[in-house]
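Residue numbers (my numbering), protein chains in the order written: chain A, 1 to 224; chain B, 1 to 314. Backbone N, C-alpha and C fix where the C-beta goes; we use that ideal spot for every residue, glycine too.
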């Protein structure tokens, strides 16, 4: 299942599941992540699943690379269970104040904004991972016609709630942050809530997300 | 109940509450945070009779100026820091690694760190802070931790409770040493770089840029040539990871780093050198030295033992 385990520095295991980015490989990563999380292994102090890698950090006072590697290699990971999946709808307003890069995208992709929205809204996206900034979901896959590169010069400040596209992925900026994704709209929905310690992320790896277009009025009335 | 508090007359440049940080949250995008220089953080607590993981105030470069109101309290500052205690009738020049007291109306003026970045202030009591995921550590980017996840600001008050009344003076003979050689284990993308690039990485000097903070340390120097791909599929990061983006200038991830990144990893700073690394000021020159995993493990054991020894001497 894991193709190779190496060390990343002196306090982490770097588990390589392959080089492609697809649901199948990512689901394996998420299964490992969830299984190891359940084991509650003493000394492991962080797990970072991503598209096709899983990084396991440990406390070097308690464990070392060899001991954790052995533990992981001997773990019995059950692969038959269906991944637990939540289905989440995210409302997005594409008013011109929010869709900061829509013109740029029209030019880059050579299709109209209506076509972009038609292909984006209502489609099911899979959450590969969360992170970079707290709670930010990396969602895929966009069809080929919607795939564009990052902005050449990233924005210093992307507004909170911005919904962006890059390559085969969509994401949501959970709070104001620098960033280079092509912004097509904004959601009033809270995606990351640090006061909810047990479940701060609305969207977690393995979840299925659909975006729904809302009007400006619906946007401003959303949290009332 | 008596209210003991600091009134903040000058907050300083980057003054935050920190403790040992929070783990097991990388997967939702939250880094460890916590005191940057873990050894100095622990020693500061021990000097005022606290558990080593109590919340403290971390400051960088220019520190805060406080006026204290309340019953007599001890405090200690660690790092390499210039500070004054202004009492009613005299001014005392403070020394690091030694406990001092503050009485009602006294001022503590933490002027600046000397040729280092971070200093630590611990008091013989408990700062009234809120915890998120069992840690008060402030992450200003995600606004997590004490003080609503923000830096300490001018004019605010910091309350202290449960003051330890059995105050005894404590002192430790310790001088922070500086390092110029940062020891590194090869990263997972080491082979993305040309032979010349690898050679540059381990043989040439790099200068720490002003664009460095609790999230990361940017370096300037000869460019490190990438011959495979200047991007990788985004994956997890750790503190100490050295990424090289397309411009060829390395960036070292520090305690508040973004949890996922897409630049190739040329190396990882060993755990034993992290506390010393973060204390290097912009303009400092550093060199990277290659070590193997087994050596890094031994070096960390020695470093940790040395820290425990220092703590047990207090």
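First and last residue of the uninterrupted alpha helix (DSSP H) at residue i
i: residue 299 of chain A; result: Outside the displayed range of chain A (1 to 224) lies residue 299 of chain A, so it cannot be described from this structure.
i: residue 68 of chain A; result: 65-73
i: residue 52 of chain B; result: Element bounds for residue 52 of chain B: n/a, residue is neither H nor E.
i: residue 197 of chain B; result: 195-203
i: residue 44 of chain B; result: 38-46
i: residue 149 of chain B; result: 146-149
i: residue 184 of chain A; result: First-last for residue 184 of chain A: 182-186, but that is the beta strand (DSSP E), not the alpha helix (DSSP H).
i: residue 33 of chain A; result: 23-39
i: residue 297 of chain B; result: 293-312
i: residue 217 of chain A; result: 216-221
In DSSP terms, what residue i is bridged to
i: residue 67 of chain B; result: B:7, B:107
i: residue 102 of chain B; result: B:73
i: residue 140 of chain A; result: A:126, A:169
i: residue 49 of chain A; result: A:54
i: residue 210 of chain A; result: A:89, A:124
i: residue 190 of chain B; result: BP columns for residue 190 of chain B are empty, so no partner.
i: residue 347 of chain B; result: Nothing can be reported for residue 347 of chain B, as the shown portion of chain B is limited to 1 through 314.
i: residue 120 of chain B; result: B:58, B:78
i: residue 242 of chain B; result: B:252, B:267
i: residue 132 of chain B; result: B:135
i: residue 6 of chain A; result: A:14
i: residue 184 of chain B; result: B:269, B:290
i: residue 226 of chain B; result: B:193
i: residue 190 of chain A; result: In DSSP, residue 190 of chain A forms no bridge with anything.
i: residue 113 of chain B; result: B:81
i: residue 77 of chain A; result: None, per the DSSP bridge assignment.
i: residue 201 of chain A; result: A:192
Reference residue i; option with closest CA among the options
i: residue 247 of chain B; options: B:223, B:121, B:176, B:259; result: B:223
i: residue 189 of chain B; options: A:9, A:127, A:1; result: A:9
i: residue 19 of chain A; options: A:4, A:69, A:12; result: A:4
i: residue 150 of chain A; options: A:168, A:16, A:127, A:67; result: A:168
i: residue 237 of chain B; options: A:178, A:139, A:133; result: A:133
i: residue 159 of chain A; options: A:97, A:195, A:206, A:204; result: A:97
i: residue 212 of chain B; options: B:82, B:257, B:245, B:125; result: B:257
i: residue 170 of chain B; options: B:276, B:21, B:28, B:74; result: B:74
i: residue 163 of chain A; options: A:131, A:30, A:123, A:136; result: A:136
i: residue 155 of chain B; options: B:12, B:301, B:187; result: B:12
i: residue 209 of chain B; options: B:150, B:201, B:141, B:219; result: B:219
i: residue 32 of chain A; options: A:22, A:23, A:15; result: A:15
i: residue 183 of chain B; options: B:23, B:5, B:277; result: B:277
i: residue 309 of chain B; options: B:22, B:174, B:122; result: B:174
i: residue 220 of chain A; options: A:129, A:38, A:93; result: A:93
i: residue 17 of chain B; options: B:172, B:194, B:55; result: B:55
i: residue 44 of chain A; options: A:26, A:22, A:12, A:51; result: A:12
i: residue 260 of chain B; options: A:152, A:129, A:68; result: A:129
i: residue 7 of chain A; options: B:83, B:302, B:297, B:303; result: B:297
i: residue 87 of chain B; options: B:72, B:163, B:77; result: B:72
i: residue 289 of chain B; options: B:180, B:313, B:227, B:255; result: B:180
For residue i, the first and last residue of its enclosing beta strand (DSSP E)
i: residue 162 of chain A; result: 162-166
i: residue 106 of chain A; result: Here residue 106 of chain A belongs to no beta strand (DSSP E); instead the alpha helix (DSSP H) covers 102-109.
i: residue 16 of chain A; result: 12-16
i: residue 315 of chain B; result: In the structure as shown, chain B begins at 1 and stops at 314. Residue 315 of chain B is therefore absent and cannot be evaluated.
i: residue 175 of chain B; result: Unbroken run through residue 175 of chain B: none, as it is neither H nor E.
i: residue 83 of chain B; result: 81-86
i: residue 288 of chain B; result: 285-290
i: residue 220 of chain B; result: 216-220
i: residue 20 of chain B; result: Counting along the chain, residue 20 of chain B falls outside any beta strand (DSSP E), and DSSP gives it neither H nor E.
i: residue 155 of chain A; result: 155-158
i: residue 278 of chain B; result: Here residue 278 of chain B belongs to no beta strand (DSSP E); instead the alpha helix (DSSP H) covers 274-278.
i: residue 20 of chain A; result: From DSSP, residue 20 of chain A is part of no beta strand (DSSP E); its letter is neither H nor E.
Contact with chain C by residue i, beta-carbon distance below 7 Å
i: residue 135 of chain A; result: Absence of chain C from the displayed structure is noted, the protein chains being A and B.
| query | Would you say the segment 270-289 of chain B touches the segment 104-119 of chain B, given that touching needs at least three Cβ pairs under 8 Å? | reply | yes
| said: To be precise: take each residue of the segment 31-58 of chain A, compare its Cβ to all Cβ atoms of chain B, and keep it if any distance is under 7 Å. Which residues remain? | reply: 33, 45, 46, 47, 48, 49, 50, 51, 52, 53, 55, 57
| Any chance the segment 184-199 of chain A sits against the segment 207-222 of chain A, with 3 or more Cβ pairs inside 8 Å? | yes
| said: So, does the segment 105-115 of chain A touch the segment 68-76 of chain A, judging by three or more C-beta pairs under 8 Å? | reply: no
| Residues from the segment 291-310 of chain B in contact with chain A, defined by Cβ distance under 7 Å | 293, 296, 297, 300, 304
| task | Residues of the segment 250-265 of chain B with a CB closer than 8 Å to any CB of chain A: list them in chain order, please. | result | 258, 259, 260, 261, 265
| task | Residues of the segment 40-55 of chain B with a CB closer than 8 Å to any CB of chain A: list them in chain order, please. | result | none
| query | Does the segment 120-139 of chain B come close enough to the segment 29-40 of chain B to have 3 or more Cβ pairs within less than 8 Å? | reply | yes
| Using a Cβ cut-off of 7 Å, which residues of the segment 11-24 of chain B contact any Cβ in chain A, in chain order? | 23, 24
| Can you find at least 3 beta carbon pairs, one from the segment 260-272 of chain B and one from the segment 190-197 of chain B, that sit closer than 8 Å? | yes
| said: Short of 8 Å Cβ to Cβ, which residues in the segment 175-202 of chain B face chain A? | reply: 185, 187, 188
| Given a limit of 7 Å on CB to CB distance, which residues of the segment 9-27 of chain A reach chain B? | 9, 10, 11, 12, 14, 21
| Selection of the segment 193-220 of chain A by Cβ proximity to chain B, strictly under 7 Å | 194, 197, 200, 201
| Quick check: the segment 25-39 of chain A against the segment 199-208 of chain A, are there 3 or more CB pairs under 8 Å? | yes
| field | Members of the segment 103-123 of chain A that neighbour chain B once the beta carbon cut-off is set at 8 Å | value | none
| message | Can you pull out the residues from the segment 208-235 of chain B whose beta carbon lies closer than 7 Å to at least one beta carbon of chain A? | response | 233, 234, 235
| message | Does the segment 98-107 of chain B come into contact with the segment 63-77 of chain B, if we say contact requires no fewer than three beta-carbon pairs (one atom in each stretch) closer than 8 Å? | response | yes
| task | Report the residues of the segment 128-158 of chain A with a CB closer than 8 Å to any CB of chain B, ordered along the chain. | result | 129, 130, 131, 132, 133, 134, 135, 136, 138
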